[in-house]
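Numbering (my numbering), first residue to last: 678 to 740. Beta carbons are placed, not taken as given, at the ideal position from N, Cα and C, and that holds for glycine.
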């Protein structure tokens, strides 16, 4: 199981001037996290996650 450190991913994304969001090839931006877990701060901010995001429209894994 791989654990994703969102703080590090955000730094990398900022450094690479990535887009603000990711969408599926079908155009959907919403996803469900399958076989995963989310770590949150007391204020509700997501700090890390593990699992595979899948498009809620077509079901394909989002990368």
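Which residues DSSP lists as bridging residue i, in chain order
i, result
"residue 716", "725"
"residue 735", "Looking at the DSSP assignment, residue 735 forms no beta bridge with any residue, so it has no partner."
"residue 709", "731"
Three-state secondary structure assigned by DSSP to residue i
i, result
"residue 689", "helix"
Distance between residue j and residue i (C-alpha atoms, nearest Å)
i, j, result
"residue 679", "residue 730", "13 Å"
"residue 685", "residue 725", "10 Å"
"residue 718", "residue 688", "18 Å"
"residue 723", "residue 713", "13 Å"
From the options, residue whose alpha carbon lies closest to that of residue i
i, options, result
"residue 728", "740, 706, 710", "710"
"residue 735", "707, 681, 682", "707"
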